[in-house]
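Below is one structure, written out as structure tokens; comments come after it.
2 protein chains.
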Amino acid sequence: MAHNENIAFRISDLKQSAPVDLGILEASVGYLLQRALLAVSSGFRLELAVIGLRPVTFSILVAVRQSPGLRQSAIADALGIQRTNLVALIEELCARGWLDRARADGRSYALRLTDPGQKLMDDALAMLDKSEASILEIIEPADRDALIGYLRALAGAGAPASR
Amino acid sequence: MAHNENIAFRISDLKQSAPVDLGILEASVGYLLQRALLAVSSGFRLELAVIGLRPVTFSILVAVRQSPGLRQSAIADALGIQRTNLVALIEELCARGWLDRARADGRSYALRLTDPGQKLMDDALAMLDKSEASILEIIEPADRDALIGYLRALAGAGAPASR
DNA sequence: TATTGTTATACTCTATAACTATA
DNA sequence: TATAGTTATAGAGTATAACAATA
Chain A
1 MAHNENIAFR
11 ISDLKQSAPV
21 DLGILEASVG
31 YLLQRALLAV
41 SSGFRLELAV
51 IGLRPVTFSI
61 LVAVRQSPGL
71 RQSAIADALG
81 IQRTNLVALI
91 EELCARGWLD
101 RARADGRSYA
111 LRLTDPGQKL
121 MDDALAMLDK
131 SEASILEIIE
141 PADRDALIGY
151 LRALAGAGAP
161 ASR
Chain B
1001 MAHNENIAFR
1011 ISDLKQSAPV
1021 DLGILEASVG
1031 YLLQRALLAV
1041 SSGFRLELAV
1051 IGLRPVTFSI
1061 LVAVRQSPGL
1071 RQSAIADALG
1081 IQRTNLVALI
1091 EELCARGWLD
1101 RARADGRSYA
1111 LRLTDPGQKL
1121 MDDALAMLDK
1131 SEASILEIIE
1141 PADRDALIGY
1151 LRALAGAGAP
1161 ASR
């Protein structure tokens, strides 16, 4: 992080960024993961909101797009969402006309994107690309690859596909 | 578990591990940050709960321990918590006898750890050390250092000290 | 007038228990 | 009996508006 020589800036900075030392938290992977997630996702969240999506609903549509005919439980397992909490989300996406719920079984549904859903996802995926690309303005491509490797290792170790 | 030729077992296995491909999410820094955070923090969260803390309340106590006499707004700024949401948390920590709220000003308080609060934090910080150490069972020390560097860069770029 | 702490409130996210119907 | 989807509900976490007291 660069040091700052501008006096005026530093004075005005005194109030806004109180020089509070968070001690060990500044070197904690857990805490930094949270702060990094917040920083990375806030912009993407705002963009998604413009087209009526949130990260959760977006991730559901990504899964269905990738595997048409998916059942709700499979989505829940894959995304680490409780089946029970998925109900309202699926309902929301169907009500908006982006998701199609067809009986696959007496007790299960096969989910697919509708045509409007496909188009919506074209936009949403472009937003994701943009968001991911903006990360390359902060860290080098090779470092991003390394970061992804570390995150996968951490994600895979803790909770195997759920929470 | 030894290899099991039992048909029934293999069939039940098919259901549990649904081969759902999340597509582009698997290579998204934002999504992986979320999954990694969940994996890393869940164990720590459970440990903290044993002594009556959560990550939020823990981070508040860390800040106060690091800078005795801190005011609520400074904590809010440093941790990225809304002042308004901090009120109940501070109240909770005072009620438990871990935090001392002394008038610093007609309108502000100076926060300090009580003796029980100091002892609680000795335990909590040991838990954090353990949690951070367990990460080294997944990635090499040098890689952990690199990861921390990346996370700091990402955290610092997006939201400058708040959300 | 700006700051500090506060109340009230609302919305999202997450977690659990219990139910229906189908396999 | 186990599974898929569902309902109801409760607790965190987070966000905004509005207020009182003080600087």
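Chains as they are written, first to last, in this note's numbering: chain A, 1 to 163; chain B, 1001 to 1163. From the three backbone atoms N, C-alpha and C, an ideal C-beta is built for every residue, glycine too. These numbers come from a predicted model, not from an experiment.
| Asked | Found |
| --- | --- |
| Pair within 8 angstroms by beta-carbon distance, Val1029(B) and Arg144(A) | yes |
| Contacts around Leu136(A), its chain only, beta-carbon distance under 7 angstroms, and the 5 residues preceding and following it disregarded | Arg144 |
| Reference Leu38(A), options Gly1069(B), Gly1080(B) and Leu1061(B), closest by Cα | Gly1080(B) |
| Contained alpha helix (DSSP H) runs [length at least 4] in the stretch 38-103 of chain A, N- to C-terminal order | 55-66, 72-79 and 83-95 |
| For Leu128(A), three-class secondary structure by DSSP | helix |
| Contact list for Arg1101(B) against chain A, beta-carbon separation under 7 angstroms | None at all; the shortest Cβ gap to chain A is about 17 angstroms. |
| Boundaries (first-last residue) of the beta strand (DSSP E) holding Ala110(A) | Tyr109 to Leu113 |
| Proximal chain B residues relative to Leu125(A), where beta-carbon distance stays under 8 angstroms | Ile1024 |
| Amino acids of chain A, ordered along the chain, whose beta-carbon sits closer than 7 angstroms to that of Tyr1150(B) | Ile139, Asp143 and Leu147 |
| CB-CB length for Leu151(A) against Leu1032(B), believed under 8 angstroms | 4 angstroms |
| Cβ-Cβ distance between Asp1100(B) and Arg1112(B) below 8 angstroms | yes |
| Top-ranked residue by Cα proximity to Gln1118(B), from Ala1110(B), Asn1085(B), Pro1068(B) and Ser1131(B) | Pro1068(B) |
| Own chain, CB closer than 8 angstroms to Ile1139(B), minus 5 neighbours either side, in chain order | Leu1147 |
| Beta-carbon proximity of Leu70(A) to Val62(A), cut-off 8 angstroms | no |
| Whole-angstrom distance between Asp1077(B) and Gly1043(B), CA atom to CA atom | 27 angstroms |
| Cα-Cα separation, Asp1115(B) to Ser131(A) | 46 angstroms |
| Arg10(A) to Val20(A) span [Cα, whole Å] | Per-residue confidence for Arg10(A) stands at a pLDDT of 33, beneath the threshold of 50, marking its modelled position as unreliable; the derived number appears in the next sentence. In a straight line, the C-alpha of Arg10(A) is about 15 angstroms away from that of Val20(A). |
| Neighbouring residues, chain A, relative to Val1050(B) (Cβ below 9 angstroms) | What Val1050(B) touches in chain A: nothing, since even the nearest Cβ is about 17 angstroms away. |
| Environment of Thr1084(B) [buried if 16+ CB atoms lie within 10 Å] | exposed |
| Beta carbon of Leu53(A) nearer than 8 angstroms to that of Ala124(A) | yes |
| Simplified DSSP state of Ser1134(B), which is helix, strand or coil | helix |
| Val29(A) in three-state terms, based on DSSP | helix |
| Buried or exposed (CB count within 10 angstroms, at least 16 for buried), Ile1051(B) | exposed |
| Cutoff 8 angstroms: Ala110(A) Cβ touching any chain B Cβ | no |
| Residue burial classification, Ala36(A) (beta-carbon count within 10 angstroms, cutoff 16) | buried |
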